[in-house]
Structures are given as C-alpha cells and as structure tokens.
Amino acid sequence: MIALKSMKMKIVRKCPMNKQGILIAVFLMCGLIVQAQNNLPSDTFRVVKAYQPTLVDADKITSEPEIVDTFKLEADLDYQFFGKQMPVSFEPELISAARIKGEPLVKLYNGYARAAVGNTMMPLAEVYYANKRSDKYALGAHVKYMNQRELSEYKSSEMSRTHFEVFGKRFWKTNTFEGNINYDMDAMNYYGYYQMPRLVQDELPSDEIEQQYNRLGAHFKLKSTKQDSFNLRHEVNAAYQMTTNKAGNQENYFKASGKLSQFKNAELYQLDLMVDYNKYDLSEESAILAMQPQISTIGERFRVNAGLGIFMNSGPTDGFHFYPLAEVKYNVIENILVPYAGIKGEIRRNNYNTITRENPFVAPEIELENSNQKHNIYLGVRGTLSKKISFNTSASKISTENEYFYVKRPTENLIQSKAFYLTYDKVDELSFKGELVYRLDDKIKVYALGEYFNYETRNEEEAWHRPELKVSASGEYNLKDKLIARLDLFYWGEQYAQRVTEITTNQNLDILDRKYGVETLAPIFDVNLGFEYRYTKKLSAFIQFNNIGGINYEKYQDYPLQGFNVFGGLTYGF
Numbered sequence: 094m095i096a097l098k099s100m101k102m103k104i105v106r107k108c109p110m111n112k113q114g115i116l117i118a119v120f121l122m123c124g125l126i127v128q129a130q131n132n133l134p135s136d137t138f139r140v141v142k143a144y145q146p147t148l149v150d151a152d153k154i155t156s157e158p159e160i161v162d163t164f165k166l167e168a169d170l171d172y173q174f175f176g177k178q179m180p181v182s183f184e185p186e187l188i189s190a191a192r193i194k195g196e197p198l199v200k201l202y203n204g205y206a207r208a209a210v211g212n213t214m215m216p217l218a219e220v221y222y223a224n225k226r227s228d229k230y231a232l233g234a235h236v237k238y239m240n241q242r243e244l245s246e247y248k249s250s251e252m253s254r255t256h257f258e259v260f261g262k263r264f265w266k267t268n269t270f271e272g273n274i275n276y277d278m279d280a281m282n283y284y285g286y287y288q289m290p291r292l293v294q295d296e297l298p299s300d301e302i303e304q305q306y307n308r309l310g311a312h313f314k315l316k317s318t319k320q321d322s323f324n325l326r327h328e329v330n331a332a333y334q335m336t337t338n339k340a341g342n343q344e345n346y347f348k349a350s351g352k353l354s355q356f357k358n359a360e361l362y363q364l365d366l367m368v369d370y371n372k373y374d375l376s377e378e379s380a381i382l383a384m385q386p387q388i389s390t391i392g393e394r395f396r397v398n399a400g401l402g403i404f405m406n407s408g409p410t411d412g413f414h415f416y417p418l419a420e421v422k423y424n425v426i427e428n429i430l431v432p433y434a435g436i437k438g439e440i441r442r443n444n445y446n447t448i449t450r451e452n453p454f455v456a457p458e459i460e461l462e463n464s465n466q467k468h469n470i471y472l473g474v475r476g477t478l479s480k481k482i483s484f485n486t487s488a489s490k491i492s493t494e495n496e497y498f499y500v501k502r503p504t505e506n507l508i509q510s511k512a513f514y515l516t517y518d519k520v521d522e523l524s525f526k527g528e529l530v531y532r533l534d535d536k537i538k539v540y541a542l543g544e545y546f547n548y549e550t551r552n553e554e555e556a557w558h559r560p561e562l563k564v565s566a567s568g569e570y571n572l573k574d575k576l577i578a579r580l581d582l583f584y585w586g587e588q589y590a591q592r593v594t595e596i597t598t599n600q601n602l603d604i605l606d607r608k609y610g611v612e613t614l615a616p617i618f619d620v621n622l623g624f625e626y627r628y629t630k631k632l633s634a635f636i637q638f639n640n641i642g643g644i645n646y647e648k649y650q651d652y653p654l655q656g657f658n659v660f661g662g663l664t665y666g667f
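Given below as structure tokens:
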C-alpha cells in the first residue's frame, strides 16, 4: 500500500489534468460500464443467509517506550533575596469610634450622713465622703461614733466607740496603689466584776474598772493589674498597727508581705514572702518569717496546687516549721458541682490588738504566744443548684499547738478575776461547715451558715468559750427599691467556762485555796429586724430592732450583753 500510494503520487505529479479532460474521462468510463452490464448472464441470485462480517484480531504492541539517558544533569540552584522597600502612597481612612447605646451610668453621690437615737443608744452618728467616678484616683473619709448607755440591771455597762478613716487609690495602666490610715477608740468597763461572786461587796475605784483602747493603723498595697498571662504579676503589702490601753501599755505591730506569680503554659508559679514583727510592753517580742513557693497546674476541668510552707518563729517558742501545701479541685459539672480537698498549715499571729478586738474584757497583763497550726486537712463540695441557689459544704481536721482560751485567774483576795487571761493548750478540732446562698435579682437575698465543732484538748478540761454549734441566717427583701427589710438570726450552742466551785479561807477571809469546776453558759439566740424607707434617692429613714427576744445572754462569762433595744434615724445623701 505504501508503494502504491507513492506511485499514484508520482503519476499525479507527472500527468496534471484540466477540468475538460476529467469530464471526457468520466463519459468514457460510464460507456464502458454500461457495455459491461449488457454482457452479464441473466442468472438470478438470492441471498438466504444474513451477512456476518468477520473482524480479524489486531496484534497490539504491549511494551512501552523508554528513554535511556546515559547523561544526567543535576543543577545546584542558589536563591538570593534582596530586600527593597517599595514606596506606597496609599493612606487608610480614619474610622470613627463606634458608640454603644446602653443604660446610662447610675448617678453617684459624694457621701452620706446618718444619725440615730434609741432606748439605749445616744447617739449614733456617721459620715462618709468620697470623690465621684474617676479613672485616675479615689479618695474618701469615714467617721462613725456610737455611745451606748448603761444597762438598767448592770452597773457600769456603758460603752462607746469612735472610728475615723481616710483612704485612697491611685490607678495606672498596669498597677494600682491603695492605702488607708485609721484610728479607733473603744471605751468600756469591766462591769462583769459586779456579776461574779465576791467575799466583800465593795465597789472598785473607777480607774480599776475602766478601760480604753486606742488603735492607730495604716495599710498600703501595690498590685499589678495587667492580665497578660506572660506578665510577672506582683503584690506588695505593708501594714503598721499601734495599740495602747488606759494604763499606757503599748503594742507595735508591723507586717510586710509580697507575692510574685507568673504563668508558664498551663502552670502558675507563685512565691509568697512575709515578715511579721510584734512587741507588746507586757509580753515578749516575737517575729515570724515565712516563704511559700507553690506551683499550680490548671486544666480544662481541674486545678492542682502543690507547695511548701517554710516558717521561722522567733519568740517564746523558737524554731523552724515546715508545712505541706496542696489542694485539688475538679469541675465535675461545670460550675455546678466542684469537689475539692487540700492540706495546709502555718504559724498564726496572736497579738494584743487582735485579742482585744475579739474580747475587750481581757486583762492588760496577758502572755502572748503564736499558735502553730500543724495541719489543716479539709475536703468539701461547692456548686450551684440553680441560677439562684449556690452552696458550699466542707469538713476539716485541724491540729494546733499553743491554741489560746479565755479563763479567769485568781487575783489578790478575789474569788476570780474581773478580767480574762490567756491559757494555751494543744487542740485537735473536727469541724463541719455548710453555706447556702439564695439570690433573686436584687429583690430577695438570703444567706445561711451552719458550723459544728468538736474539740479535744490535751490539758484543759474543756475548750473554754468555744461553742460546739454556730448557726446564722440573714435575709433582705427589696420592694421596688423603696422599702427594704432585713432580718438576722444567730444561734450559738452551749459554751463552757472555768469556775471556782469551792474556796478555803481563814478567819480574816483571806483565800487560802480554790477548787475549780466547769460552768455551762446558756445558748445564745438573737433576732434582729430592720426596716429602711427611701423617701427620695437622697433621704431615707430607718429603724432597727435588736435582740427581740430580750435575752441577756453571756458571750463571755459574767458579761451579759444588751437585751432588747431599738434605735432609729435618718440617712441623707449628698
């Protein structure tokens, strides 16, 4: 076929024809065909079987072509970039800040003044003043005075309290500095002297029964407010407290502490440092140094904290103390059920200022020692029952050395002293605690707390003046921000106090010997009810009913508290 095609190509090239020649050839060919058909025989052919074409299998080449290159070229490319800034003439247009339309800020007043009188109170006066909103600073002052007259049944039971304070804050972008300076004066009498048994019913001179505490304090704090997790956060505190009594005995207390913390991935590293110094004229000076390094691992549902408390106690009981610091929290159901457990310990400061604030009827000549809380093992569950109700329950086992208790000691020829002294003992404490909070917007607020304690002392017969049961509840009802009602309930179970049960005297009534026993103080139940009517946003009137049951209960032995009392007054904002 290839040769034939080549031949035809050659013939065509050698014998070119024009259109007329082609037509003549066609006519001649037609004549020959007609003549040939006329010469065919006259037989007739009939096709019986259908035509079946047959295809011959094609032979395919299965091998693929390959290129065998004996010469391979490898290129070593080296890229270089030359930085060149291209001039840009585009300038973005300024976008004005969006304004959010929300509720207007609540109008603030600089302060308020309050005055009240009552059947035992004459008078109560209070003034509070501070600057309005500012993103740079806050300054203010607070003054309060209260005078309670003598209880009709209890001689020399009058008392008064005066409080003055100035405070302020300075705000920066990454830090806040705050501080306050305060002065308190508490005047009272040892009126329990007239309630205890005495051999001679003589009255004491006024200078022996009167007491007055003057307290001057200052506290300053610098704290970082930058929330960047990679930032080193810090908090520095410094505090000073001077306390004096009517006899001129003075105590000076100073405390400085610092806290450093920083996040590294999911871990929070924290270091707490503290220096604590105290000097009271009638007791030995003491100091506490503490360092507490801690590491916290924070997960999606859990938080684990581990550390070590290193304390040095210098004073009546010197020595180094080491305490484990650990806590685990696990969020079983997000913010609904959170169990937790931990262990901790510390050296706890006991000084004249804190003791007299708790019990003002102590004697000036008290021995001060710091308490050593060897361990506090606790576990609990907190969470929410609904959007309105939250709770917290816990149990703890605490072992403390040098825990203080209030007792009366024999002085001169008195069966018991009029004032309390401190006695120290080792105590193992088992406690259970439950809290419940209910809040319905700002209309209804209810808070309830219950605590149970079981004490085991080593030397003392009882844990003096420590009730086994404490229950309290507070509620507030706000009717359209016009009428506000408040209710407070308190219950303390029985307390135990040390009492002289038998004395031995001579003919001159000089006490030669005493025998001691246990006195059970009656439970405490107190109900307080108050109402406030807001006539305008500036002016309101209030009335307060205290100890509605009228029970002169004894929180401390031989010192009954005020029975039923009521006072009322006005509050004016400016």
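For the sequence shown, the positions run 94 to 667 when my numbering is used.
Yeah, the Cβ is synthetic: ideal placement off N, Cα and C, and Gly gets one too.
**Report entry** Buried or exposed by the 16-neighbour rule on C-beta atoms within 10 Å, applied to E557
**Finding:** In the sequence as presented, Glu is not what sits at residue 557; that position holds Trp. W557 should be labelled buried.
Requested in this report: Would you kindly work out how many angstroms separate the C-alpha atoms of S565 and Y584, rounded to a whole number?
Outcome: 6 angstroms
Query - Assigned secondary structure, Y471 (DSSP; H/G/I helix, E/B strand, else coil) - result: strand
Query - Alpha carbon of N240 to alpha carbon of M281, nearest angstrom - result: 10 angstroms
Report task. Go through its chain and collect everything with a Cβ distance to Y221's Cβ below 6 angstroms, but skip five positions before and after it. Result -> G204, Y205 and H235
Report task. Leaving out five residues on either side along the sequence, give the residues of the same chain with a beta carbon under 6 angstroms from the beta carbon of T516. Result -> F498 and V500
Requested in this report: For N485, collect the residues of the same chain with a Cβ closer than 7 angstroms to its Cβ; drop the 5 residues on either side in sequence, then sort them by chain order.
Outcome: G473, R475 and E528
Query raised in the report: Do you know how far the Cα of L572 is from the Cα of E420?
Result: 42 angstroms
Query raised in the report: Roughly how many angstroms separate the alpha carbons of E561 and S464, rounded to a whole number?
Result: 21 angstroms
Query raised in the report: From what residue to what residue does the alpha helix (DSSP H) around N446 run?
Result: Y445 to E451
Requested in this report: Over the uninterrupted alpha helix (DSSP H) stretch that includes I381, give me the two end residues.
Outcome: Element bounds for I381: not the alpha helix (DSSP H) but the beta strand (DSSP E), S379 to I391.
Report task. Hey, could you find the ends of the alpha helix (DSSP H) S489 is sitting in? Result -> Element bounds for S489: not the alpha helix (DSSP H) but the beta strand (DSSP E), I482 to V500.
Query raised in the report: How would you call A512, buried or exposed, if buried means at least 16 neighbouring beta carbons within 10 angstroms?
Result: buried
**Report entry** Complete beta strand (DSSP E) runs within the segment 240-298 (minimum length 3 residues, chain order)
**Finding:** 252-264 and 268-282
Requested in this report: Spatial neighbours of E494 within its chain, please: CB distance less than 6 angstroms, with the 5 preceding and 5 following residues excluded, ordered by chain position.
Outcome: N465 and K519
Report task. May I have the straight-line CA-CA distance separating L605 from I596, to the nearest angstrom? Result -> 7 angstroms
Query - Contacts around F257, its chain only, beta-carbon distance under 6 angstroms, and the 5 residues preceding and following it disregarded - result: V236 and Y276
Requested in this report: Rank G392, G400 and D374 by C-alpha distance to the C-alpha of A359 and give the top, closest one.
Outcome: G392
Requested in this report: Kindly list the residues whose CB is nearer than 6 angstroms to the CB of E328, restricted to its own chain and excluding five residues on each side of it in sequence; keep chain order.
Outcome: K316 and K352
Requested in this report: Could you check what DSSP says for I429 in three-state terms: helix, strand or coil?
Outcome: coil
Query raised in the report: Is it a yes or a no for the segment 429-441 touching the segment 396-406, going by three-plus beta-carbon pairs under 8 angstroms?
Result: yes
Query raised in the report: So is K107 buried or exposed if we call it buried at 16+ other beta carbons inside 10 Å?
Result: Only weak support is given to the placement of K107: the predicted model assigns it a pLDDT of 43, under 50, and the value that follows is read from those uncertain coordinates. That one is exposed.
Query - Cβ-based burial, F660 [other Cβ within 10 Å; buried from 16] - result: buried
Query raised in the report: For L325 versus Q355, is the C-beta spacing smaller than 7 angstroms?
Result: yes
**Report entry** Terminal residues of the beta strand (DSSP E) in which L510 lies
**Finding:** As written in the sequence, residue 510 is Ser, which differs from the Leu given in the question. From DSSP, S510 is part of no beta strand (DSSP E); its letter is neither H nor E.
Requested in this report: Determine the closest residue to D619 out of A634, E647 and S389, with distance taken between C-alpha atoms.
Outcome: E647
Query raised in the report: Does DSSP put D300 in a helix, a strand or coil?
Result: helix
Query raised in the report: Less than 7 angstroms separating the beta-carbons of F415 and I403?
Result: yes
**Report entry** Cβ pair P503, R592 closer than 7 angstroms
**Finding:** no
Report task. Please go through the same chain and pick out, in chain order, the residues whose beta-carbon is closer than 7 angstroms to the beta-carbon of D369, but skip the five residues on each side of it. Result -> K348, A380, I381 and R442
Query raised in the report: Between Y548 and E522, is the Cβ-Cβ spacing less than 7 angstroms?
Result: yes
Report task. Pull up the distance between the alpha-carbon of A578 and that of Y570, whole angstroms please. Result -> 5 angstroms
Query raised in the report: Just the Cα atoms here: how many angstroms apart are N621 and Y589?
Result: 25 angstroms
**Report entry** N345 versus V210: straight-line alpha-carbon distance, rounded
**Finding:** 36 angstroms
Query - Through-space distance from I274 to A231, alpha-carbon basis - result: 14 angstroms
Query raised in the report: Where do the N-terminal and C-terminal ends of the beta strand (DSSP E) with Y649 fall, by residue?
Result: E647 to Y649
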